[in-house]
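One rule links them: number in the numbering used here = place in the sequence shown (from 1) + 349.
For glycine and all other residues, C-beta sits at the position ideal for the given N, C-alpha and C.
Please read these numbers as outputs of a predicted model, since none were measured by experiment.
Okay, so here's the structure we're looking at.
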Amino acid sequence: MNQTFTTIVFDLGGVIINLNVPRCVANFKRLMGEDNVRNILGIDDEGEGVAAVSAATLQLMHDYEYGNISTDDFLQTLVEHCYPGTTADDVRKAWLSMLDELPQYRLDYIASLRKAGYKTILLSNSNEMHWDPIYEQYHLDRYFDKIFASHHLHMAKPNKEIFEHVAREAQIDAAHTVYVDDLDKNRAAGERYLGWRTCASIEELQMIEILSHFAITNEVETPQPLKIGFINDSFVVRAKQKGERSYFLQRINHHIFQNVEGLQQNISKVTEHIRRKLAAAGETDIERKVLELVPTTDGKLYYRTPMGDYWRVYVLIERATSQERVTHESAYLTGEAFGRFQCQLSDLPFDELCESIPNFHNIEFRLQQLDEALAADVKGRKAACMDIVNAINSRREEMCLAERLFREGKLPKRINHCDTKVNNIMFDEAGKPMCIVDLDTVMPGYVLSDFGDFMRTAANTGAEDDPNLENIHVNLEIFEAYTRGYLKQATFLTDIEKELLPYGCRLLSYMQTVRFFTDYLNGDTYYKIQYPEHNLVRTRAQLRLVEEQEKVAEQMKEIVKRLSC
């Protein structure tokens, strides 16, 4: 079972402050030569310990780390093995060169843990020459409830006595303690002598601390990062025992999704609604057909860390794959999947959900943003782009049709996915759609937006940022395949919703034209760019797609009409 913890014991060097042993070795080689570095310091060129060292070397390092000899005596002993003319100050500088940067975020994190009620302990094998400048510069007493240094205690890790001393003096509850140390032998000692849970870095500790707040009922491995998506940071958390649940951990980008509570409530309402629908239909293997949020130990849908980050956990869907390439077959299956998804949610009132990104697919809002960018013209780019301005303006009235029809009560809002891509579907072993994922943008909207969002990318023969506009056309085979699958499942659609599906393609391409162009005028502050004119190239590519969609609008209508019968 995933246990909570109340005490964290930190090592210093290699955990809080970075060490640069190779640099230190290089400096000593200049003072005493390579052989003496190995024989006197007991380390090689890479900073690794040398197995066969003299008893005198072991005693020197032992005595200094245990505080049994003074810094002056330690320095003088090393000077005696250096080249003639080497001073104690030379040796001191070389010894101190082992210390590298101390990232402030680590101290900030420790401070946040202490403020949140954790007991923080520092346990370090150190020496006077390294310890004093670190302690004084960074005021370590501000970050720890108790501090233990080997040269003060005359004992050191990994010996049993120092662990027992620390546990006794700090009144540590071993069952609720995590020990952070970069050395395997020290972690093994903490585990063996006191039963402490251990990890090797503050970054690993952060993962353990986060997971401890979720109602995970089995033992799990350390989270491993996944390189997916562009917005949230994602990790897979594997079960230690085969056959038990694994998990999907995500840090929510609260700069984009500013209403995290509303976002998580949206996901919870949608997934629970679908789960009830699947159960009522007698479906099996439901845990693989709808996402399942894991609540925190206090019943919330997310955990906010002491540093202000937001995290959530899903149960990992096993034996599932995703796809990137859209084919005729996958377009049909994707249409079925999103049509089924919308159908399952068609009786869930849209106003029970919030807009996780306000006005996300509201073209009137996007045009207002464009007007503000044109008025400001902060980069002086408008004059050279008047052809784009004119093209956008000539279509304004048509593209605001959906918003007008909604206000007139003719076009309903429903719960949309708002990111209808094939890679947001998990497929089973047979290659069939199984579960819709990436529900962050599930919110109220028009079904034609979801329909058009898929077509904007999948039925485009060119790239979203294609510099060669001749590459951009509408793939009507993909359009028809997706439409066939979608209409087969989306049995809830009204006549006007069906009629406006082709219009939805133009609307979403037009909306993306507006968004890219707005960002270009504003100086490329939202979308990441790879070169200075990237957003302008994107704008022209999306505008060309709108033009191409206009050319085949009647063919699209005929396809929808034929497949609706």
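Asked                                                                                                           : Found
Unbroken beta strand (DSSP E) run spanning ARG763, endpoints                                                    : 763-765
ASN567 Cβ short of 6 Å to the ligand MG heavy atom set                                                          : No copy of the ligand MG occurs in the structure displayed, which carries no ligand at all.
Cβ-based neighbour list, GLU395, same chain, cut-off 7 Å, excluding 5 preceding and 5 following                 : Residue confidence is low: GLU395 scores 49 on pLDDT, short of 50, so the model does not pin down where it sits. No coordinate-derived value is stated.
Own chain, CB closer than 6 Å to ASN824, minus 5 neighbours either side, in chain order                         : ALA808 and THR810
Distance between LEU697 and ASP449 (C-alpha atoms, nearest Å)                                                   : 57 Å
Length of the line joining the Cα atoms of MET350 and MET410                                                    : Any reading at MET350 must be qualified, since the residue scores a pLDDT of 44, below 50, and its modelled position is unreliable; the value itself is stated next. In a straight line, the C-alpha of MET350 is about 42 Å away from that of MET410.
For MET804, three-class secondary structure by DSSP                                                             : helix
Counted within 10 angstroms of its Cβ, other Cβ atoms place ASP384 as buried (16 or more) or exposed            : exposed
Span of the beta strand (DSSP E) around ASP582                                                                  : 582-586
Secondary structure of GLU397, DSSP reduced to three states                                                     : Low per-residue confidence applies at GLU397: pLDDT is 48, beneath 50, and the placement is therefore not dependable, though the value from the model is reported in the following sentence. Correct three-state label for GLU397: coil.
Alpha-carbon spacing of GLN520 relative to ASN602, whole angstroms                                              : 38 Å
CB of HIS562 within 7 Å of CB of THR646, strictly                                                               : yes
Selected residue, minimal CA-CA separation from LYS495, among GLY688, VAL358 and LEU642                         : VAL358
Residue range of the beta strand (DSSP E) that includes TYR663                                                  : 659-664
Contact between the stretch 785-798 and the stretch 852-865 (3+ Cβ pairs under 8 Å)                             : yes
Beta-ladder partner(s) of ASN809, from DSSP                                                                     : VAL823
Beta carbon of GLU778 nearer than 7 Å to that of ARG668                                                         : yes
CB-CB length for ARG661 against GLN613, believed under 8 Å                                                      : 7 Å
Continuous alpha helix (DSSP H) stretch holding THR683: start and end                                           : 677-693
Close Cβ partners of GLU673 (< 6 Å) along its chain, the five nearest in sequence each way excluded             : ASN772
As assigned by DSSP and simplified to three states, the class of PHE865                                         : helix
SER473 (DSSP reduced to helix, strand or coil)                                                                  : strand
Integer-rounded CB distance, given that ILE470 should sit under 8 Å from PHE493                                 : 6 Å
Check whether LEU640 and TYR659 have beta carbons under 7 Å apart                                               : no
Alpha-carbon to alpha-carbon, GLY794 and ILE327                                                                 : Shown here, the chain extends from 350 to 914; a query on residue 327 therefore has no answer.
Span separating the alpha-carbon of LYS910 from that of TYR652                                                  : 48 Å
Distance between beta carbons of TYR432 and MET916, contact taken as under 8 Å                                  : In the structure displayed, the chain extends from 350 to 914; residue 916 sits before or after that span and is not available.
Inter-residue Cα distance where the pair is MET905 and VAL786                                                   : 28 Å
Helix, strand or coil at CYS749 [DSSP, three-state]                                                             : coil
Best match in SER671, ASP873 and ASN476 for proximity to PRO782 [C-alpha to C-alpha]                            : SER671
Environment of GLU678 [buried if 16+ CB atoms lie within 10 Å]                                                  : exposed
Beta-carbon gap between GLY834 and GLY684 smaller than 7 Å                                                      : yes
Beta-carbon proximity check, PRO644 vs ALA564, cutoff 7 Å                                                       : yes
For LEU598, three-class secondary structure by DSSP                                                             : strand
Own chain partners of THR857 with C-beta closer than 7 Å, once the 5 adjacent residues on each side are dropped : In the sequence under discussion, the amino acid at residue 857 is Leu, which differs from the Thr named in the question. Counting only Cβ-Cβ distances below 7 Å, and skipping sequence neighbours, we find SER798, GLY801, ASP802 and ARG805.
Neighbourhood of ASP438 by C-beta, 8 Å cutoff - its chain only, sequence neighbours within 5 removed            : none
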